[in-house]
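Heads up: the sequence lines are chains A and B, in that order. Position 110 (the first sequence) corresponds to 110 in full-length UniProt numbering; numbering is contiguous. Position 225 (the second sequence) corresponds to 225 in full-length UniProt numbering; numbering is contiguous. Using N, Cα and C, we set each Cβ at its ideal position, and we do this for glycine too.
Number of protein chains: 2
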Amino acid sequence: MKRPTIKDIAAAAGVSKGAVSLALNGRSGVSESTRSRVLEVASVLGYRPSVTARALSSASADAVGLVLVRPPRALGDEAFFFQLIAGMQSEMSCALLLQVVSSREEEIALYQRWWAEHRVDGVFLVDLLVADPRVELMPSLGLPAVVVGGAGHHGALASVWADDYAAMTSVVEHLKALGHWRIARVAGLASLLHTVRRDSAFASSVVDGVVVAGDYTAESGARATRELLGMAEPPTAIVYDNDVMAVAGAEVAADLGVAVPSELSIVAWDDSVLCQHGRLTALSRDTFAFGARAARALVAVIGGASPTDVEDVLPELVVRGSSGPAPAE
Amino acid sequence: MKRPTIKDIAAAAGVSKGAVSLALNGRSGVSESTRSRVLEVASVLGYRPSVTARALSSASADAVGLVLVRPPRALGDEAFFFQLIAGMQSEMSCALLLQVVSSREEEIALYQRWWAEHRVDGVFLVDLLVADPRVELMPSLGLPAVVVGGAGHHGALASVWADDYAAMTSVVEHLKALGHWRIARVAGLASLLHTVRRDSAFASSVVDGVVVAGDYTAESGARATRELLGMAEPPTAIVYDNDVMAVAGAEVAADLGVAVPSELSIVAWDDSVLCQHGRLTALSRDTFAFGARAARALVAVIGGASPTDVEDVLPELVVRGSSGPAPAE
DNA sequence: GACCCTAGCTAAACCGGTTTATCTCCGGCT
DNA sequence: AGCCGGAGATAAACCGGTTTAGCTAGGGTC
């Protein structure tokens, strides 16, 4: 009825608890004959070690953590994270402890708690801030962590990232090659590191580029677009920081009678079903593979590997119907 | 440096471990003065009980589990699950253990393992099959579980569900009221219980309705639509089992020169950004609230409440531009 | 005064593993 | 023969809690 414990195995095999532990974990200290007998008994009884008990004696918790800071309702539209999680899972044999909280303070408290409680072996850090306190916290806690998506190097932490700077440059180059001159950008949250990276890439490749802040929601994308198109000299191309805002922007353009792409070119950051359907030119990256890469990195760090930075492949621009030659003056 | 344990609290407060345990858990056996002193010390030292250790002495694991059976890559497009998870989180103070597997066998094995390992206090069961083995398994394991989205009553399990039958009927009524006669349906996976429910509702309210099987992907939606529109007497309205297939169907119609809604009405099951943007008439339900409700139910069951069935509010039809009067014959 | 009961606390067992100290036995070396 | 070393196993401690058995002091009852 009850699940067998190590004690049951020991009794059935006629050895001590300690010997069973050694045998099951493939460590030296028991003879081959004893080991095989123990393994035999364990498999017959359907033995499963309890992670709980194992974690108690300071071994592995067999789980990694991910905390997302979001207003819960907003989460559902962000396909990005779900793709990422799916990709992470594909490379992990352990479970993922996921929690959504609404503030950065809660996030930090949760990481500390999970680690103190031996609940996780390591964590993913996403949505890196410009001067992120987590970068210092993790090493001081001794909690293995991998920064996901924060470009560049972060203190003592491993990092998996894509080059947002080069990607933004490639987008702008694409638009410039089409003859665009007045290029605008609808940015994401200014507190996030990758927003800053994209900002600086944008600023250095576009002269007099206009940047309007958004927050990844459709409403903010629409508002920003209305603002841009209402200017005295409206831009001939707009680059959005995510798919939802871009789609909303395309809709606003349609409502205002601004033709896409003949009068306005639109490019979205991050491809998705939404972009595919809206036939929007989009910067596409394989988020699933990205998650998988992050998981591999975390597994390595937990295994004791020294933290390294892994650069993901450069996002690729998928040109669809929303970008074309700039209109004649 | 290290997190304080119960032993540290005991030493600092000058009492025994046992007394501390009693004091912290609000149980009788200690005087009020001792209790307050212990609580004081604990808060000063920043004490956090280790769930791991607590779970070991057969108490709570402070986590619930959710296993999704999917080809990992397909997951990212299913906003539904992410919404659901976000909603669940909003009503749970404990963490969610999430794992994506690729077969039903793995799913079952995982539930058993998690329970055996004291990793979870309860689990959510989604994507209920027609004769789902999990319905019998959970009570036999003694693992608290809540069926999410499987209409009706399931053995000894609690269930949170929306009435797919009535919802389908309301969709068909809407189309009939618009004069539609040849109504088709692009269904989801036939093995799922809700597909069967919708099938039977559809069959009983539509005479000679055509049903084509799909698998929730854009490709299958496009294929099914092409098949339907290629018939000798093509339908004047199509109901799709999810948003992705509906959008793909709308696109196929556009490619074939079939005007929506004047020649063909389209209704999607499950609203999303995709439908909003595509201006598709959709059956909308508050998936976030649904997840929250499911979480409340699970928390109750874990707390020892006898399992009850909770019916969610009926999904509401949001009429947009994709459905209109049937074309004249 | 003898007896019992209870509140308040402690010591110790227990949960299911890992790890360390210890013990025994056997073979090889000088 | 005497000594050493290592392999193979065990008992026991430990992780951080919960829980139970037992002890003590004080008050009430007859």
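Taking residue i as the reference, which of the options has the closest Cα?
i      : options                        : result
A/A259 : A/V146, A/P139, A/L229, A/N242 : A/L229
B/E263 : B/E107, B/P235, B/V100         : B/P235
A/H174 : A/A55, A/I108, A/L298, A/E316  : A/E316
B/A224 : B/S204, B/A248, B/V206, B/D243 : B/A248
B/L45  : B/S21, B/G155, B/D8, B/A131    : B/D8
A/A53  : B/Q99, B/A232, B/R119, B/N242  : B/R119
A/A222 : A/V244, A/V15, A/H194          : A/V244
A/T287 : A/V64, A/S103, A/A187, A/L314  : A/L314
B/A10  : B/M92, B/L39, B/A232, B/S31    : B/L39
B/D127 : B/L189, B/A109, B/A167         : B/L189
B/M168 : B/F82, B/Q276, B/D270          : B/D270
A/A59  : A/E78, A/N25, A/T34, A/V69     : A/N25
B/R182 : B/S159, B/H194, B/G209         : B/G209
A/P307 : A/P71, A/G142, A/R35           : A/G142
A/F202 : A/A184, A/E219, A/G214, A/L193 : A/A184
A/I85  : A/A237, A/A295, A/S265         : A/A295
B/S272 : B/M231, B/R320, B/L22          : B/R320
B/H277 : B/S322, B/A305, B/V310         : B/S322
B/H194 : B/H153, B/K176, B/T217         : B/H153
A/P49  : A/V101, A/K17, A/V30           : A/K17
B/P4   : B/A23, B/D255, B/V30, B/A42    : B/A42
A/T217 : A/A246, A/S200, A/D255         : A/A246
B/C94  : B/A61, B/S102, B/R104, B/E105  : B/A61
State the DSSP-derived secondary structure class of residue i, mapped to helix, strand or coil.
i                      : result
A/D243                 : helix
A/A203                 : helix
B/H153                 : coil
A/E78                  : coil
B/R296                 : helix
A/W115                 : helix
residue 392 of chain A : Coverage of chain A is limited to positions 1 through 329, which leaves residue 392 of chain A absent and any answer about it impossible.
A/A63                  : strand
A/V123                 : strand
B/A95                  : strand
A/M68                  : Looking at the sequence provided, one finds Leu at residue 68 of chain A rather than Met. In the structure shown, A/L68 sits in a strand (DSSP, three-state: E or B).
A/V196                 : helix
A/L314                 : coil
B/A218                 : helix
B/A109                 : helix
B/V211                 : strand
B/V101                 : strand
For the putative contact between residue i and residue j, defined by C-beta atoms under 8 Å, what is the C-beta separation to the nearest angstrom?
i      : j      : result
B/G291 : B/G87  : 3 Å
B/P325 : B/G149 : Rounded, the Cβ-Cβ distance is 33 Å, inconsistent with contact.
B/E32  : A/V51  : The pair is not a contact, with the Cβ atoms about 38 Å apart (cut-off 8 Å).
A/L129 : A/S191 : 6 Å
B/R226 : B/V252 : 6 Å
B/L110 : B/M138 : Not really, about 13 Å apart at Cβ, beyond 8 Å.
B/S37  : B/A13  : Sequence inspection shows Arg at residue 37 of chain B; the Ser mentioned does not correspond to that position. Contact holds; Cβ gap of about 6 Å.
A/L96  : B/Q99  : 7 Å
A/V310 : A/R293 : 6 Å
A/A177 : A/D163 : That pair is no contact at about 20 Å.
Beta-carbon separation of residue i and residue j under 8 Å?
i      : j      : result
B/D312 : B/W161 : yes
A/A282 : A/V267 : yes
A/L56  : A/F124 : no
B/V301 : B/P144 : yes
A/Y240 : A/R197 : no
B/V212 : B/V172 : no
B/A250 : B/L280 : yes
A/F81  : A/L68  : yes
B/D132 : B/A63  : no
A/R70  : A/I108 : no
A/S265 : A/A305 : no
B/V146 : B/A289 : no
Completely contained alpha helix (DSSP H) runs for the region 220-290 of chain A, where each covers 4 or more residues: 243-255, 273-278
Segments of 4+ residues assigned as alpha helix (DSSP H) that fall wholly inside the region 12-60 of chain A: 17-24, 32-45, 51-56
Alpha helix (DSSP H) segments (min. 4 residues) lying fully within the region 128-186 of chain A: 133-141, 164-177
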